[in-house]
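Data block below; observations after.
2 protein chains.
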Amino acid sequence: MTVLSLHQLTCFLATYEQGSLTAAAEELGYAQPSVSEQVRALEKTLGVELFRRVGRGVVPTTVADELRPHAERVLGSVEEARKAVQSAKSFETGTIRFGMFGTARLYAGAGLVADVLARYPGVRVELIGQNSTDVQEELRRGRLEAAMIAVPQMGSEGLEFTPVARDELVYISADPARLETPVSAHRLSLASLVMPETTWRAVDSTRLVLRQMLHETGRNPQTRIEVEDVETAVELVGMGLADSVIPRGAAEQLLPRLAPAAGWVSLRPRQYDTLAIVHRAGATLSPAARLMIELATARINSIVHPEMG
Amino acid sequence: MTVLSLHQLTCFLATYEQGSLTAAAEELGYAQPSVSEQVRALEKTLGVELFRRVGRGVVPTTVADELRPHAERVLGSVEEARKAVQSAKSFETGTIRFGMFGTARLYAGAGLVADVLARYPGVRVELIGQNSTDVQEELRRGRLEAAMIAVPQMGSEGLEFTPVARDELVYISADPARLETPVSAHRLSLASLVMPETTWRAVDSTRLVLRQMLHETGRNPQTRIEVEDVETAVELVGMGLADSVIPRGAAEQLLPRLAPAAGWVSLRPRQYDTLAIVHRAGATLSPAARLMIELATARINSIVHPEMG
DNA sequence: ACATGCTATAGGTAAGTCCTATCGATCGTG
DNA sequence: CACGATCGATAGGACTTACCTATAGCATGT
Chain G
526 MTVLSLHQLT CFLATYEQGS LTAAAEELGY AQPSVSEQVR ALEKTLGVEL FRRVGRGVVP
586 TTVADELRPH AERVLGSVEE ARKAVQSAKS FETGTIRFGM FGTARLYAGA GLVADVLARY
646 PGVRVELIGQ NSTDVQEELR RGRLEAAMIA VPQMGSEGLE FTPVARDELV YISADPARLE
706 TPVSAHRLSL ASLVMPETTW RAVDSTRLVL RQMLHETGRN PQTRIEVEDV ETAVELVGMG
766 LADSVIPRGA AEQLLPRLAP AAGWVSLRPR QYDTLAIVHR AGATLSPAAR LMIELATARI
826 NSIVHPEMG
Chain E
526 MTVLSLHQLT CFLATYEQGS LTAAAEELGY AQPSVSEQVR ALEKTLGVEL FRRVGRGVVP
586 TTVADELRPH AERVLGSVEE ARKAVQSAKS FETGTIRFGM FGTARLYAGA GLVADVLARY
646 PGVRVELIGQ NSTDVQEELR RGRLEAAMIA VPQMGSEGLE FTPVARDELV YISADPARLE
706 TPVSAHRLSL ASLVMPETTW RAVDSTRLVL RQMLHETGRN PQTRIEVEDV ETAVELVGMG
766 LADSVIPRGA AEQLLPRLAP AAGWVSLRPR QYDTLAIVHR AGATLSPAAR LMIELATARI
826 NSIVHPEMG
């Protein structure tokens with residue numbers, strides 16, 4: 526026993542409109558017995574006579590009159606579905622979802638959304654990045670296809686990283702005396718620090734850089750305060766409660782707004798943080814993801830120093 | 526290359542809701558590879574990735590998010606279509622079309638509609654019978670499945686007739702003097718008559734009866750006025766412009782309303798008109814048609830003398 | 001490292017799709 | 001009234017699709 530199908534409805538409608546199986550077959554590009562078979566199958570699945578075979582041609586029954594608008598609605602909905610998918614595929618509509626967290630969002634957050642909307646006015650944009658833990662989870666679970674981040678080191682836990690830019694790490698403080706000369710490893714080891722990205726502390730690239738820097742002096746980094754987001758860290762610096770080390774792009778954006786009294790100075794030797802695309806290892810990226818990567822990279826490179834090689 | 530199908534949408538929705546091909550297969554009662562194949566086919570026909578295969582389970586893409594409501598609408602419409610057909614099949618809704626013309630509608634017209642609506646409150650009823658020519662055409666073309674008529678003789682032009690009742694033919698006049706005794710063939714041949722059913726005059730059963738009756742006297746019927754419907758004939762009789770011969774049931778219904786001054790009397794010998802079901806020869810009747818025949822027969826038998834054997 | 005739970009693949013059978021060829025019935029015509 | 005034209009139904013066969021079982025491959029959690 527066959528089941529109701531779109532093909533049957535198509536043949537039914539063509540037959541209804543043409544009043545003839547032969548004409549319907551011609552319209553649909555089939556042989557006449559094929560259409561006849563489909564209509565008969567539809568009548569069998571519905572258990573009702575749709576056409577009265579009357580000498581020359583066929584005549585719809587009242588049940589066929591009843592069915593026709595429904596059949597039209599079904600086929601119309603199918604067409605709408607197909608169009609919706611096609612337009613979503615070509616970014617005329619639909620949603621583009623991308624991860625953007627850590628300090629990366631400071632560089633490419635709002636501006637990246639603007640870039641996407643300028644090029645594809647119909648799309649919705651979801652920039653996922655409330656907190657690092659969630660984003661990591663979404664990436665791992667596959668709900669997020671790709672993300673741009675500033676923090677973790679390369680190659681952890683089945684994820685694949687592609688560096689796109691680097692940004693200098695600077696020392697920020699509300700005490701002008703500490704900003705007169707570049708900060709050495711020794712001075713850094715004595716400082717009282719507030720550091721963001723607590724959740725990612727084990728893999729945070731800023732911390733990794735600092736650890737390597739301090740390792741040469743035989744000391745561990747002194748983090749007096751741990752917070753989750755950079756804004757909070759900067760505010761604490763502005764209040765004079767601690768100093769911190771953050772990417773320069775973040776300092777330029779956040780200090781005037783959140784800590785007007787604070788300033789920044791380079792480390793000595795200069796250290797750099799890496800911005801990278803991260804996605805599941807071995808994944809082939811969708812057009813939407815590739816688009817976001819392209820736009821995000823372009824925007825970041827217009828702010829920080831582009832990665833060489 | 527396969528084409529978009531309802532089956533694919535069903536599998537897609539189940540997979541979307543379950544977040545798993547295996548779970549979807551279990552829900553649908555299929556083996557897992559079958560659902561997998563359908564989803565893959567849908568992705569191929571749409572040319573887009575709907576799920577990201579990620580280790581344990583599958584995760585819908587944003588295009589799948591876009592497709593889901595459309596797929597639900599399509600399947601919903603299909604369900605509606607199926608329900609509409611089922612309810613039309615069982616007379617809960619839909620249209621019942623039946624032919625009812627000649628003088629038959631005087632007996633069973635409004636009352637028959639009332640009978641149908643009393644038993645099946647949801648249906649629409651179409652009682653086709655504006656004029657005999659149209660109805661004959663609709664029957665021949667198959668648009669009308671069956672009809673109940675009072676006029677034509679049996680067995681003409683590929684149609685099949687089934688008698689269900691007979692009604693006495695009576696002589697009507699506005700002149701009381703002509704109603705004192707039953708009208709003989711001789712008196713009838715002298716009368717000035719108005720006769721309805723002009724279009725069917727060659728096969729009209731009333732006229733056939735009269736012709737046979739008069740043939741015995743060697744005369745032809747004298748129709749002074751020809752009209753299409755019985756009401757007009759009765760009105761003319763009421764105005765004293767002519768007399769007529771019509772079924773008794775029609776006389777009882779129409780005289781008080783349209784010709785209060787007129788009355789009726791039997792013929793001598795009494796003559797009878799036949800009410801019959803007519804449909805295309807060799808046709809198998811639909812439930813709707815059988816229902817109408819049953820109800821029409823019951824109603825007519827409650828008015829005129831039932832046909833014996 | 002192992003068991004587990006999921007998807008992908010392979011291969012075979014049943015069923016459906018669509019064709020060509022032909023029959024039967026109907027309708028208009030000479 | 002026989003004729004050709006037209007349309008739907010039927011038969012039979014080539015091809016495709018649907019669906020199954022069995023199993024491999026991979027990711028995940030203990």
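From first to last, the protein sequence lines stand for chains G and E. Heads up: the first sequence is residues 526 to 834, going by the numbering used here. Heads up: the second sequence is residues 526 to 834, going by the numbering used here. For every residue, glycine included, the Cβ atom is placed at its ideal position computed from N, Cα and C.
- Query: From E:Ala-675, E:Leu-642, E:Trp-789 and E:Gly-683, pick the residue whose C-alpha is nearest to that of Ala-808 (chain E); which is it?
  - Reply: E:Gly-683
- Message: Short of 8 Å Cβ to Cβ, which residues in the stretch 592–607 of chain G face chain E?
- Response: Leu-592, His-595, Ala-596, Arg-598, Val-599, Ser-602, Val-603, Glu-605, Ala-606 and Arg-607
- Query: Who does Gln-796 (chain E) pair with in a DSSP beta bridge?
  - Reply: E:Leu-694
- Report the residues of the stretch 547–566 of chain G with a CB closer than 7 Å to any CB of chain E, ordered along the chain. none
- Query: Where do the ends of the beta strand (DSSP E) carrying Ile-771 (chain G) lie?
  - Reply: 769–772
- With distances taken Cα to Cα, identify the nearest neighbour of Arg-773 (chain E) among E:Gly-624, E:Met-625, E:Val-695 and E:Ala-786. E:Val-695
- If you pair each beta-carbon of the stretch 565–583 of chain E with each one of the stretch 601–618 of chain G, do three or more pairs fall below 8 Å? yes
- Message: Looking at chain G, is there any beta carbon in it that lies within less than 9 Å of the beta carbon of Thr-540 (chain E)?
- Response: no
- Quick one: using the 10 Å Cβ neighbour count with 16 as the cut-off for buried, is Val-588 (chain E) buried or exposed? buried
- Are the C-beta atoms of Leu-637 (chain E) and some chain G residue less than 9 Å apart? no
- Message: I'd like to know whether the C-beta of Ile-621 (chain E) is nearer than 9 Å to at least one C-beta of chain G.
- Response: yes
- Task: Check Pro-831 (chain G) in the structure and name its three-state DSSP category.
- Result: Reliability fails at Pro-831 (chain G), whose pLDDT of 44 lies under 50, so the model's placement of it is uncertain and the value that follows must be treated cautiously. Looking at Pro-831 (chain G) - three-state DSSP - the assignment turns out to be strand.
- Query: Among all the DSSP beta bridges, which residues are the ones paired with Met-817 (chain E)?
  - Reply: In the DSSP output, where bridge partners are listed per residue, Met-817 (chain E) has none listed.
- Message: Looking at the strands, I want to know which residues DSSP matches up with Glu-751 (chain E).
- Response: E:Met-720
- Item | Minimum C-alpha distance to Ala-801 (chain G) - residue among G:Glu-685, G:Leu-534 and G:Pro-707 | G:Glu-685
- Within the same chain, show all residues whose beta-carbon is closer than 7 Å to that of Thr-527 (chain E), passing over the 5 residues directly before and after it, in chain order. Ala-566 and Thr-570
- Item | Distance cut-off 8 Å: Ala-801 (chain G) Cβ against heavy atoms of the ligand GTP | Annotation note on the ligand GTP: not contained in the displayed structure, which lists no ligands.
- By Cβ distance below 6 Å, which residues in the same chain neighbour Phe-616 (chain G) in space, the five residues on each side in sequence not counted? Tyr-645 and Val-648
- Message: Against Thr-527 (chain G), what residues of chain E qualify as contacts under a CB-to-CB distance less than 9 Å, listed in chain order?
- Response: Those do not exist, as Thr-527 (chain G) stays about 11 Å from chain E at its closest Cβ, beyond 9 Å.
- Item | As assigned by DSSP and simplified to three states, the class of Met-526 (chain G) | coil
- Query: Along chain E, which residues have their Cβ under 8 Å away from the Cβ of Lys-569 (chain G)?
  - Reply: Near Lys-569 (chain G) there are no residues of chain E at all, since even the closest Cβ is about 12 Å away, more than 8 Å.
- Simplified DSSP state of Glu-562 (chain E), which is helix, strand or coil: helix
- Query: Roughly how many angstroms lie between the CA atoms of Ile-697 (chain G) and Thr-799 (chain G), to the nearest whole one?
  - Reply: 19 Å
- Message: Quick test of the definition: if touching needs 3 or more C-beta pairs under 8 Å, does the stretch 778–787 of chain G touch the stretch 583–598 of chain G?
- Response: no
- Message: Using a Cβ-Cβ cutoff of less than 6 Å, which residues in the same chain neighbour Ile-674 (chain G) once the five nearest sequence positions on both sides are dropped?
- Response: Phe-626, Gly-627, Ala-629 and Val-803
- Query: For the candidate residues E:Thr-540, E:Leu-575, E:Thr-757 and E:Gly-667, whose alpha-carbon lies nearest to that of Leu-810 (chain E)?
  - Reply: E:Gly-667
- Confirm, please, whether the CB-CB distance from Asp-692 (chain G) to Ala-775 (chain G) is below 9 Å. yes
- Task: Output yes or no for whether 9 Å exceeds the beta carbon distance between Pro-812 (chain E) and Ile-771 (chain E).
- Result: no
- Determine the direct distance from the alpha carbon of Glu-551 (chain G) to that of Ser-530 (chain E), and round the result to whole angstroms. 22 Å
- Cross-chain neighbours of Gly-667 (chain E) in chain G, by beta carbon under 7 Å: Arg-577, Val-579 and Val-584
- Give the single residue among G:Gly-743, G:His-740, G:Ala-767 and G:Met-738 whose Cα lies nearest to the Cα of Val-752 (chain G). G:Ala-767
- Does DSSP classify Ser-714 (chain E) as helix, strand or coil? helix
- Thinking C-alpha only, which one of E:Thr-540, E:Leu-538, E:Lys-614 and E:Gly-544 is nearest Ala-814 (chain E)? E:Lys-614
- Item | Proximity to His-740 (chain G) [Cα-Cα], best of G:Leu-816, G:His-711, G:Asp-754 and G:Thr-723 | G:His-711
- Message: Could you tell me the alpha carbon to alpha carbon distance between His-595 (chain G) and Ala-671 (chain G), rounded to whole angstroms?
- Response: 42 Å
- Under the rule that 16 or more other beta-carbon atoms within 10 Å means buried, what is Leu-534 (chain E), buried or exposed? buried
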